[in-house]
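Below: one structure, written as structure tokens.
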Ligand SMILES: NC(=O)c1ccc[n+]([C@@H]2O[C@H](COP(=O)([O-])OP(=O)(O)OC[C@H]3O[C@@H](n4cnc5c(N)ncnc54)[C@H](O)[C@@H]3O)[C@@H](O)[C@H]2O)c1
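Numbering (our numbering), first residue to last: 744 to 957.
Written out as structure tokens, the structure is:
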């Protein structure tokens with residue numbers, strides 16, 4: 744994680760402490776930091792069973808206005824960063840012949856949407872990266888899957904969801920009639936990371952109240 748959002752660092756430290764875990768700071772844009780992060784985990788715990796590639800950024804603006812910097816800023820975290828962290832983790836997992844990776848994609852990795860060209864491309868890339876890594880690492884008993892959440896109330900969507908019309912459009916457009924919750928996503932991730940059959944690999948599971956089923 745990085746510390747740009749107020750309170751996140753403390754929350755991560757607190758969560759790690761209460762779980763007897765380890766909180767490490769990482770700028771995902773730097774593959775060397777990703778590799779060091781994995782090495783620190785292995786030093787501390789002697790193994791690495793699960794990676795959840797959750798970090799992500801969004802830039803919402805019309806495609807005609809996207810700059811090179813905008814494009815790179817999104818891909819560098821959502822796609823390039825996720826790949827190099829997965830690669831570092833999988834070096835450990837494939838050698839131990841066990842491991843699970845869960846990538847956090849998005850409904851906008853499965854369908855298009857306005858004002859999200861860089862984000863949709865990164866998440867669509869992550870969906871297909873999930874398939875490719877699953878194919879390569881299945882022989883090593885490493886499963887790679889993804890979840891694709893619908894819009895969820897988090898700091899990423901605070902501005903978007905401050906508009907009641909936007910909330911209304913999303914909830915009425917979602918067959919389940921509500922936004923996704925962090926619990927919806929967390930339960931799906933926990934299932935894929937821990938209890939799903941190992942024969943399931945390369946899939947992207949929508950967690951979207953039926954939004955992409957329409
Ligand atoms: N909120 C939604 O509606 C929604 C919907 C679908 C998918 N997602 C995805 O869920 C994931 C979590 O997003 P969120 O909604 O909790 O957003 P958020 O903005 O609350 O959290 C994003 C996290 O990514 C971290 N991050 C950003 N750049 C980083 C970097 N360079 N290195 C390391 N960490 C970095 C931030 O520090 C933050 O902890 C993202 O991948 C996002 O694309 C979110």
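Heads up, the beta-carbon is just placed ideally off N, CA and C, and yes, glycines get one too.
Neighbour-count burial assignment, residue i, 16 or more Cβ in a 10 Å radius
i           : result
residue 807 : exposed
residue 810 : exposed
residue 923 : buried
residue 781 : buried
residue 783 : exposed
residue 762 : exposed
residue 856 : exposed
residue 917 : buried
residue 873 : buried
residue 826 : buried
residue 801 : buried
residue 929 : exposed
residue 882 : exposed
residue 906 : exposed
residue 797 : exposed
residue 824 : buried
residue 746 : Because the pLDDT of residue 746 is 39, which lies under 50, any placement of that residue in the model is unreliable, and the question is left without a value.
Residue i: CB within 6 Å of a non-hydrogen atom of ligand 1
i           : result
residue 770 : yes
residue 799 : yes
residue 894 : yes
residue 699 : Given a span of 744 to 957 for the chain in the structure shown, any question on residue 699 remains unanswerable.
residue 820 : yes
residue 847 : yes
residue 940 : no
residue 900 : yes
residue 897 : yes
Is the region 902 to 914 in contact with the region 931 to 941, if contact means three or more CB pairs nearer than 8 Å?
-> no
Which runs of the alpha helix (DSSP H) fall wholly inside the region 787 to 865 and span at least 4 residues, in chain order?
-> 811 to 818, 825 to 839
Note down, one range per segment and in chain order, each alpha helix (DSSP H) of at least 4 residues found wholly within the region 750 to 787.
-> 751 to 761
Please confirm if the region 858 to 867 is in contact with the region 894 to 904, defined as three or more CB-CB distances below 8 Å between the two stretches.
-> no
Inspect the CB distances between the region 943 to 953 and the region 843 to 858 and report whether three or more fall short of 8 Å.
-> yes
Of all the beta strand (DSSP E) runs that stay within the bounds of the region 859 to 931, which reach a length of 3 or more residues?
-> 885 to 892
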